[in-house]
Structure formats: structure tokens, C-alpha cells
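Going by numbering that gives the first Met the number 0, the final residue of the sequence shown carries number 131, and the count climbs one at a time with no gaps.
Working notes for the structure below.
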Amino acid sequence: MLTVTRAAVKRKLRLTTNEYDSEIDALIDEMVPALRYAIDPDYLNSHDADLRATLNLGALEVVAGEMGATLYRELGAWTGFRLGWLQVDPPALRNPRDPTGLKAQGYARLKPFLKRDAQLLYLYREREEETE
Numbered sequence: 000m001l002t003v004t005r006a007a008v009k010r011k012l013r014l015t016t017n018e019y020d021s022e023i024d025a026l027i028d029e030m031v032p033a034l035r036y037a038i039d040p041d042y043l044n045s046h047d048a049d050l051r052a053t054l055n056l057g058a059l060e061v062v063a064g065e066m067g068a069t070l071y072r073e074l075g076a077w078t079g080f081r082l083g084w085l086q087v088d089p090p091a092l093r094n095p096r097d098p099t100g101l102k103a104q105g106y107a108r109l110k111p112f113l114k115r116d117a118q119l120l121y122l123y124r125e126r127e128e129e130t131e
């Protein structure tokens, strides 16, 4: 059984307010069953505490990463400003679908335990520039 809690997601993202609680709960309700379905039942039903902790951590990272991407997409969240000579720009992100890197980390952690035909991750790769 996979377990992901709102408190753990908030801790992972360093969120201290209750503003996003309903969104986090909705993500947990959406994503954990899909992750559970993709993992081989032999691993889910294991009594090995370390294996269960690994699966729970992977699921937590995936959910927290998706919440991080949601926060990134929030209107105005990454807007820069200029005040006289001072200009502050948001950091350039390599992957806007996974700005924290947690989703990829969680998927990589879960990959060895997936069912044979399960596909969970859409890989994002930057277009490599040709060098001569």
C-alpha cells in the first residue's frame, strides 16, 4: 500500500500555509492510485519495511513534484520586476514540467518496481545543439 500525506508534500515543498491543502489532497487522490496500479503487486504487498519506505518516498516525490509544477504554472509566480537600475528575473528552468526535479527523481526511484509494461514518465529532453 502506498501512503502519501498532505503534511509530507508540504514538508517536501517547504509550504507553511494551508492555502494549497485542497489542491494537494486532490493530487494525492489522483496520482497515488495510478502509481499504485503501475507498481508490481509483489512489491506493494511486501513486508520489507525498507522497500515500502522506498515506494512511499518515490510516490511522495512524484506528487510533490507535480505540486511544484502546479505552483510554477500559477499566474505571476515567476514574474520578474524592475525598480530603477535593479532588475530581478526568475531563475531559468531547464524543465518547466518538473521545475523541482522531484517528479523525475520519484519516477526513477519507482522504476525498478514497476509492472513490466507500465509507463509512467514522459521524458523531457532539451534539444541538443549541434556541434561541429
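Where a beta carbon is used, it is the ideal one built from N, C-alpha and C, also for glycine.
Same chain, Cβ closer than 8 Å to residue i, neighbours up to 5 away in sequence not counted
| i | result |
| --- | --- |
| L56 | G105, R108 |
| E65 | L26, M30, K102 |
| L1 | V31, L34, R35, I38, L43, L54, N55, A58 |
| R5 | D20, I23, D24, I27 |
| A68 | P95, R96, D97, P98, T99, K102 |
| E129 | Legend: pLDDT at E129 = 46, less than 50; position of this residue unreliable, value from coordinates given subsequently. Nothing listed; no residue qualifies. |
| N17 | none |
Enclosing beta strand (DSSP E) for residue i [first to last residue]
| i | result |
| --- | --- |
| R81 | 80-82 |
| L113 | Run containing L113: none; DSSP gives neither H nor E here. |
| L14 | Looking at the DSSP string, L14 is not in any beta strand (DSSP E), and its letter there is neither H nor E. |
Length of the line joining the Cα atoms of residue i and residue j
| i | j | result |
| --- | --- | --- |
| Y19 | L70 | 9 Å |
| G79 | D24 | 30 Å |
| G100 | E73 | 18 Å |
| A52 | L12 | 19 Å |
| V3 | W84 | 46 Å |
| P40 | L113 | 9 Å |
CB contact below 9 Å: residue i versus chain B
| i | result |
| --- | --- |
| A25 | Chain labels in this structure do not include chain B; a single protein chain is all it has. |
Where residue i falls: helix, strand or coil (DSSP)
| i | result |
| --- | --- |
| V87 | strand |
| E60 | helix |
| T53 | helix |
| E73 | coil |
Residue i - containing alpha helix (DSSP H), residue span
| i | result |
| --- | --- |
| P40 | 40-43 |
| V3 | No alpha helix (DSSP H) contains V3, which DSSP labels as neither H nor E. |
| D47 | Segment: none, D47 is in no alpha helix (DSSP H) and carries neither H nor E. |
Spatial neighbours of residue i in its chain, beta-carbon cut-off 7 Å, leaving aside the 5 residues before and after
| i | result |
| --- | --- |
| G61 | The identity of residue 61 in the sequence shown is Val, whereas the question assumes Gly. Cβ neighbours of V61 beyond the five flanking positions: M30, L34, K102, G105, Y106. |
| L63 | The identity of residue 63 in the sequence shown is Ala, whereas the question assumes Leu. Contacts found: V8, K11, L12, L101. |
Residues of its chain near residue i, where Cβ-Cβ distance is below 6 Å and the 5 sequence neighbours each way are ignored
| i | result |
| --- | --- |
| Q86 | none |
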